[in-house]
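**Student:** Pasting in a structure now, in structure tokens, and then I'll have a few things to ask.
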Amino acid sequence: MSRDSARRRTVQVFESVISVVFGIAAALLAVALIGDSPIVVAKVLFKSAFGSREDFGWTLYYTTPLIFSGLSVMMALRAGLFNIGGEGQLLWGAMGAVIVGLKLPELSPVLGSTACILGALVLGGIWGFIPGYLRAKRGSHEVILTIMLNFIAAGLTSYLTLDWFKSTENQNPETASIPAQYMLTRFTTFGDTPLNVAFILAILAVVGAWIFLWKTKAGYSIRAVGENPVAARQHGIRSDHAQIIAMTLAGALAAMAGVNEVLGSAGKFRMGFSADLGFLGIAVALLGRKRPTGVLLAAFLFGALQKGTTDLDVETEKVTRDFSQVLQALIILSVSCSWIWNSWLKKWIGGAEWKRS
Amino acid sequence: MSVLDTSFVVEFRSVCKSFGSVRASDQLSFQVRKGSIHGIVGENGAGKSTAMKLLYGLYRADSGEIRVNGQTAQFRSPLDAIAWHIGMVHQHFMLSHPHTVLENIILGVEPRNRFGFIDREAARKDIRELAKRYGLEVDLDAQVESLPVGVQQRIEILKALYRRAEILILDEPTAVLTPPEVDFLFENLRRLKDEGKTILLITHKLREVMKYTDRITVFRAGRVSGELDTANTSASEIASMMVGRAIESKFERKTVTQTKPVLEVSDWSLSLDGTKKLEKLNFKVNSGEIVGIAGVEGNGQNELVQSLLQLFWRQTVQSSGKIRFEGREIQSLRTRDILDLAISCIPQDRHREAVLLSQDCYENFMLGQIDSFTKNGFIESPRLHQTVAERMEANDVRPRAPELHLRHFSGGNQQKLVIARELEKKPKFLIAGQPTRGVDIGAIEKIHEKLIAARNDGMAILLVSSELDEVLALSDRILVFYEGRIAGEFSRETANERVLGEYMGGAK
Numbered sequence: 015m016s017r018d019s020a021r022r023r024t025v026q027v028f029e030s031v032i033s034v035v036f037g038i039a040a041a042l043l044a045v046a047l048i049g050d051s052p053i054v055v056a057k058v059l060f061k062s063a064f065g066s067r068e069d070f071g072w073t074l075y076y077t078t079p080l081i082f083s084g085l086s087v088m089m090a091l092r093a094g095l096f097n098i099g100g101e102g103q104l105l106w107g108a109m110g111a112v113i114v115g116l117k118l119p120e121l122s123p124v125l126g127s128t129a130c131i132l133g134a135l136v137l138g139g140i141w142g143f144i145p146g147y148l149r150a151k152r153g154s155h156e157v158i159l160t161i162m163l164n165f166i167a168a169g170l171t172s173y174l175t176l177d178w179f180k181s182t183e184n185q186n187p188e189t190a191s192i193p194a195q196y197m198l199t200r201f202t203t204f205g206d207t208p209l210n211v212a213f214i215l216a217i218l219a220v221v222g223a224w225i226f227l228w229k230t231k232a233g234y235s236i237r238a239v240g241e242n243p244v245a246a247r248q249h250g251i252r253s254d255h256a257q258i259i260a261m262t263l264a265g266a267l268a269a270m271a272g273v274n275e276v277l278g279s280a281g282k283f284r285m286g287f288s289a290d291l292g293f294l295g296i297a298v299a300l301l302g303r304k305r306p307t308g309v310l311l312a313a314f315l316f317g318a319l320q321k322g323t324t325d326l327d328v329e330t331e332k333v334t335r336d337f338s339q340v341l342q343a344l345i346i347l348s349v350s351c352s353w354i355w356n357s358w359l360k361k362w363i364g365g366a367e368w369k370r371s
Numbered sequence: 216m217s218v219l220d221t222s223f224v225v226e227f228r229s230v231c232k233s234f235g236s237v238r239a240s241d242q243l244s245f246q247v248r249k250g251s252i253h254g255i256v257g258e259n260g261a262g263k264s265t266a267m268k269l270l271y272g273l274y275r276a277d278s279g280e281i282r283v284n285g286q287t288a289q290f291r292s293p294l295d296a297i298a299w300h301i302g303m304v305h306q307h308f309m310l311s312h313p314h315t316v317l318e319n320i321i322l323g324v325e326p327r328n329r330f331g332f333i334d335r336e337a338a339r340k341d342i343r344e345l346a347k348r349y350g351l352e353v354d355l356d357a358q359v360e361s362l363p364v365g366v367q368q369r370i371e372i373l374k375a376l377y378r379r380a381e382i383l384i385l386d387e388p389t390a391v392l393t394p395p396e397v398d399f400l401f402e403n404l405r406r407l408k409d410e411g412k413t414i415l416l417i418t419h420k421l422r423e424v425m426k427y428t429d430r431i432t433v434f435r436a437g438r439v440s441g442e443l444d445t446a447n448t449s450a451s452e453i454a455s456m457m458v459g460r461a462i463e464s465k466f467e468r469k470t471v472t473q474t475k476p477v478l479e480v481s482d483w484s485l486s487l488d489g490t491k492k493l494e495k496l497n498f499k500v501n502s503g504e505i506v507g508i509a510g511v512e513g514n515g516q517n518e519l520v521q522s523l524l525q526l527f528w529r530q531t532v533q534s535s536g537k538i539r540f541e542g543r544e545i546q547s548l549r550t551r552d553i554l555d556l557a558i559s560c561i562p563q564d565r566h567r568e569a570v571l572l573s574q575d576c577y578e579n580f581m582l583g584q585i586d587s588f589t590k591n592g593f594i595e596s597p598r599l600h601q602t603v604a605e606r607m608e609a610n611d612v613r614p615r616a617p618e619l620h621l622r623h624f625s626g627g628n629q630q631k632l633v634i635a636r637e638l639e640k641k642p643k644f645l646i647a648g649q650p651t652r653g654v655d656i657g658a659i660e661k662i663h664e665k666l667i668a669a670r671n672d673g674m675a676i677l678l679v680s681s682e683l684d685e686v687l688a689l690s691d692r693i694l695v696f697y698e699g700r701i702a703g704e705f706s707r708e709t710a711n712e713r714v715l716g717e718y719m720g721g722a723k
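Here the protein sequences line up with chains F and X, keeping their order. Counting from 15, one number per residue, gives the positions in the first sequence under the numbering used here. Counting from 216, one number per residue, gives the positions in the second sequence under the numbering used here.
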């Protein structure tokens, strides 16, 4: 009968793959409709994402924050909660790293980076803890809470940027730079790209999330509550604790996406740096089927698409880099329709979801 | 041939239906005579529901032929079934609770007046006539949610008749009824039969089949394993056709000599969100004793279990009285701490309260006892895997595939795993809520044996069950719940179905 579970897994993998292929195909069709060549666009996309060692480095750099924000959404989903607050959490993550960096400027490089990361984790974690606590203890809906907290985070971090830590060197809406020795090491193998140690941390987070969720008591409790809170409570699991822990971890994971920006590339908090990374995490987590390895692959795909579209401005006539949003939107749309091919797949692969009547 | 055929109102000819690699209906052939009450019996998973869903157009057959009134019928959806004058009363009623009885009956087939609006008066007249003719009187303007389940069922039957059903399929119609309501239902069904309607009765209760049907088709493992005239058969013959071997209940009820009270409930009253749920309950459960709670569902049984385990969630709780376990008051402890005192519970609603359907057997086995399988917060997989494999073997959980998600096991096998898990916790006091609900005969027998064996070893067991047969078979003492009170207490010797039925209905 383990053949059945293998089949089920196969159906799931195919479902995601077909969704992606279908989404990309639909986007290329749109290209043809506006009078550009889909083949050229596809070639540019591929070449720009994987064409050279440097291109690939950029792709991995774009992938890094998506892994974190995808894991963040996944962690909350495992507890049965929808974390729309990745955006606010990663803003606080970036701000946390900057505050620590500016306030403690004279640490050794390793200690300094570590302190900045801890600052990010704490502030991001708090921004996840707040909705987690209110949800668990007061029953307020986490979707509304996290959306509201995104606005509050955007407002507060702007205030801190402009009124407390404003850069004195220029007029840009950004903070002063943190000490250069705190920056995470970049990988020179990929040429001149900002790909840095945060990518390794992201891979470690994938492994860590898997161990935590499937091999520890706390992770088990979170999954049990997420799947069936009534049964969990009936067997003495505190659903409120599980929800709070999951949301706090989700906040901390999202904060790491901010770390990638501050310690990996900018060295400061630039207002509006995120470009919806927190929201893309939702798509990544869903496309990755709430599994750590799935999140890794989905983040890589979205990272490649983001990098791939950067060259569209120069290489094609009508299609611009905003095409990446069309692609992402169509893939998300096609993922949410995956039940359509799910039923065909089940017929072909057979016997997957059958239940005795 | 065709002359003969018309006497069969429904005929299955070699009908097959597969789900993936599993044959749910395998070469089904049987006939139903017009104007009869025809019993469809079989264990859970034997394929009786599948067969009826094929007939009602909810599934499409892979091959074979279904004939209605001698003509080949194609069923693509329930609309086709309704066109063939087939109606179905589902086990879980399909009623819209905030609407009135009249609105529910005409839903989807509303008569229109010449302005295109719903013609309520015409509908009212038609339904009144139907109700009178078949003895199914109901208040057409009452809101459905305010009506007892017996009446709701009558509305479902009226709904089918209003859609001109000649053939009525009833899926486990007595599961939710009290004994007097059951009698009333079958009176109605007889009347329908006398008026020429054909009734297909899906059930696993042999007593009903023997008492009320004319003919029986027995299902086993997706096939028809027997067709019988009720007059010429016996319950034990049907039972052995259902399971493929002779059934004999053989459990030894030892006299347990040294008993002491394990659970004591004194003057326990409870209100939830301002509504009175339990009133001054007083009872004890001793070691080596099964105390059965009989009663129609919704008379305080759930609230009693909630009280014992402190399972209140976002409810305003007002309570008074004491609950003691081995002399210690537990009414103000947390669920986790109560369970840690060696109290276990087989929850009443398996899917909702007992299992994680999208997780495998390992994960489900850990529920509530993860501390026995973790070291420093990490799960000890090898030990867990070994224990689960052993328990699945010992309790005959089929298939022996612990990595399979629980939703792919039949109800009986899920329940065997749940019971194995709860007994693994070595409780001194066990709450067994509907332990055999949705479980097939073979498994019922094994579960009953387990419970009796646990009792013989000195466990105190509180059995909450809406199956009177089960309460009577297992309990040393029986408490009847009615509207949150203990309406009567009986010893094993003095209890019988008739007396309990009266107390359950609130007559006494």
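Here a beta-carbon is modelled for each residue, glycine too, at the ideal position from N, C-alpha and C.
So, with DSSP's three-state summary, where would you put Leu519 of chain X?
**Tutor:** helix
**Student:** Apart from the five residues just before and just after Arg92 of chain F, which ones in its own chain have a Cβ nearer than 7 Å to its Cβ?
**Tutor:** Leu227, Ile236, Arg237, Gly240, Ala260 and Lys304
**Student:** Met309 of chain X CB to nearest chain F CB: under 8 Å?
**Tutor:** So, not an interface residue.
**Student:** Answer with buried or exposed for Trp353 of chain F, where buried requires no fewer than 16 other C-beta atoms within 10 angstroms of its C-beta.
**Tutor:** exposed
**Student:** Quick one: grab the DSSP three-state call for Pro394 of chain X.
**Tutor:** helix
**Student:** Answer yes or no: do Gly254 of chain X and Ile431 of chain X have a C-beta to C-beta separation smaller than 8 Å?
**Tutor:** Yes.
**Student:** Looking at chain F, is there any beta carbon in it that lies within less than 8 Å of the beta carbon of Ala436 of chain X?
**Tutor:** With a threshold of 8 Å between beta carbons, Ala436 of chain X makes no contact with chain F.
**Student:** Please report whether the beta-carbon of His155 of chain F lies at a distance below 8 Å from any beta-carbon of chain X.
**Tutor:** no
**Student:** Please identify, using Cβ separations under 7 Å, the residues of the region 25–53 of chain F that lie next to chain X, in order along the chain.
**Tutor:** none
**Student:** Please return the same chain residues whose Cβ sits closer than 8 Å to the Cβ of Met674 of chain X, not counting the five positions on each side in sequence.
**Tutor:** Ser502, Gly503, Pro642, Lys643, Phe644 and Leu645
**Student:** First and last residue of the beta strand (DSSP E) that includes Phe644 of chain X?
**Tutor:** Phe644 to Gly648
**Student:** Assuming Leu269 of chain X and Phe290 of chain X are in contact, meaning their beta carbons sit under 8 Å apart, how far apart are those beta carbons, in whole angstroms?
**Tutor:** 7 Å
**Student:** Per DSSP, Val256 of chain X forms a beta bridge with which residues?
**Tutor:** Under DSSP, Val256 of chain X forms a beta bridge with X:Thr418 and X:Val433.
**Student:** Given 8 Å as the limit, is there contact between the region 503–518 of chain X and the region 667–681 of chain X, that is, 3 or more CB pairs closer than that?
**Tutor:** yes
**Student:** Note down, in chain order, every chain F residue with its Cβ under 8 Å from the Cβ of Pro562 of chain X.
**Tutor:** Ala245 and Gln248
**Student:** Comparing the C-beta of Tyr147 of chain F with each C-beta of chain X, is any distance below 8 Å?
**Tutor:** no
**Student:** Considering Thr323 of chain F, what are the terminal residues of the beta strand (DSSP E) in which it resides?
**Tutor:** Note, Thr323 of chain F: premise wrong, no beta strand (DSSP E); alpha helix (DSSP H) at Pro306 to Thr323.
**Student:** Do Phe580 of chain X and Ile558 of chain X have their beta-carbon atoms positioned less than 8 Å apart in this structure?
**Tutor:** no
**Student:** Taking the Cβ atom as the reference point for each residue, do Arg692 of chain X and Arg707 of chain X lie within a distance shorter than 8 Å?
**Tutor:** yes
**Student:** Determine the direct distance from the alpha carbon of Asn242 of chain F to that of Ile662 of chain X, and round the result to whole angstroms.
**Tutor:** Asn242 of chain F has its alpha-carbon roughly 25 Å from the corresponding atom of Ile662 of chain X.
**Student:** If you measure from the beta carbon of Phe401 of chain X to each beta carbon in chain F, is any gap under 8 Å?
**Tutor:** Not closer than 8 Å to any Cβ of chain F, the Cβ of Phe401 of chain X fails to qualify, so no.
**Student:** Nearest chain X C-beta to Glu183 of chain F closer than 8 Å, yes or no?
**Tutor:** no
**Student:** State the beta-bridge partners of Arg327 of chain X as determined by DSSP.
**Tutor:** X:Ile333
**Student:** Arg275 of chain X and Gly153 of chain F: beta carbons closer than 8 Å?
**Tutor:** Not closer than 8 Å, so no.
**Student:** Under a CB-based cut-off of 8 Å, is Gln574 of chain X close to chain F?
**Tutor:** yes
**Student:** Give, in chain order, every unbroken run of the beta strand (DSSP E) that is at least 3 residues long and sits entirely within the region 141–203 of chain F.
**Tutor:** Taking only runs of at least 3 residues, no beta strand (DSSP E) segment lies wholly in the region 141–203 of chain F.
**Student:** At what residues does the alpha helix (DSSP H) containing Tyr718 of chain X begin and finish?
**Tutor:** Glu712 to Met719
**Student:** Apart from the five residues just before and just after Ala390 of chain X, which ones in its own chain have a Cβ nearer than 7 Å to its Cβ?
**Tutor:** Closer than 7 Å at Cβ, skipping near neighbours: Gln306.
**Student:** Step through the CB atoms of chain F and report whether any lies within less than 8 Å of the CB of Ala380 of chain X.
**Tutor:** It does not; no Cβ of chain F falls within 8 Å.
**Student:** Using DSSP's beta-bridge definition, name the partner residues of Arg728 of chain X.
**Tutor:** Shown here, chain X extends from 216 to 723; a query on residue 728 of chain X therefore has no answer.
**Student:** Quick test of your reading: Arg435 of chain X and Gly459 of chain X, contact by CB under 8 Å. State the CB separation rounded to the nearest angstrom.
**Tutor:** 6 Å
**Student:** Step through the CB atoms of chain F and report whether any lies within less than 8 Å of the CB of Val679 of chain X.
**Tutor:** no
**Student:** Name, please, each residue of chain X whose Cβ falls closer than 9 Å to the Cβ of Thr307 of chain F.
**Tutor:** The premise fails here: Thr307 of chain F is roughly 18 Å from chain X at the closest Cβ pair, so nothing lies under 9 Å.
**Student:** Could you tell me if Ala386 of chain X is buried or exposed, where buried requires 16 or more neighbouring beta carbons within 10 angstroms of its beta carbon?
**Tutor:** As written in the sequence, residue 386 of chain X is Asp, which differs from the Ala given in the question. Its Cβ being crowded by 16 or more others within 10 Å, Asp386 of chain X is buried.
**Student:** Residues of chain X with CB closer than 7 Å to the CB of Lys229 of chain F, please, in chain order.
**Tutor:** Phe593 and Ile594
**Student:** Of all the CB atoms in chain X, is at least one closer than 8 Å to the CB of Asn242 of chain F?
**Tutor:** The Cβ of Asn242 of chain F sits closer than 8 Å to at least one Cβ of chain X.
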